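For the sequence shown, the numbering used here assigns the number 17 to the initial residue and increments by one for each residue that follows.
Don't be surprised by glycine CBs; every beta carbon is placed ideally from N, CA and C.
On a predicted model such as this, the values are computed, not experimentally measured, just so you know.
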Amino acid sequence: MKDKIYSFRNENGDLLSYIVKEQLSVNSNDYIIMTPEKNKSKIEVYKYNYDEDNEALELVDDEKTIKMLKTISKVM
């Protein structure tokens, strides 16, 4: 299976590319677990934030949320 790649710009305008490892939905919140394309040993968790006109990814750094996601994730 081919890896799914997400590319987006950070707040500084730099283009970042990530390999999607897993997507999870918990308590009406959607999360995506990815690794940077250039550093596959690093795992990062992002939460989707939706508003009327667009969606944004927010880095999850809250230990309580990460611990909760680890209990259901297949890749963490």
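Item: Spatially closest choice to F24 from S57, N43, N45, Y62, by CA coordinates; Value: Y62
Item: Residue interval of the beta strand (DSSP E) (run including I35); Value: 31-42
Item: Continuous beta strand (DSSP E) stretch holding T51: start and end; Value: 45-52
Item: Own chain partners of L75 with C-beta closer than 7 angstroms, once the 5 adjacent residues on each side are dropped; Value: E60, Y62
Item: Proximal residues to D46 (C-beta, below 8 angstroms), its chain only, five neighbours per side dropped; Value: Q39, L40, K63, Y64
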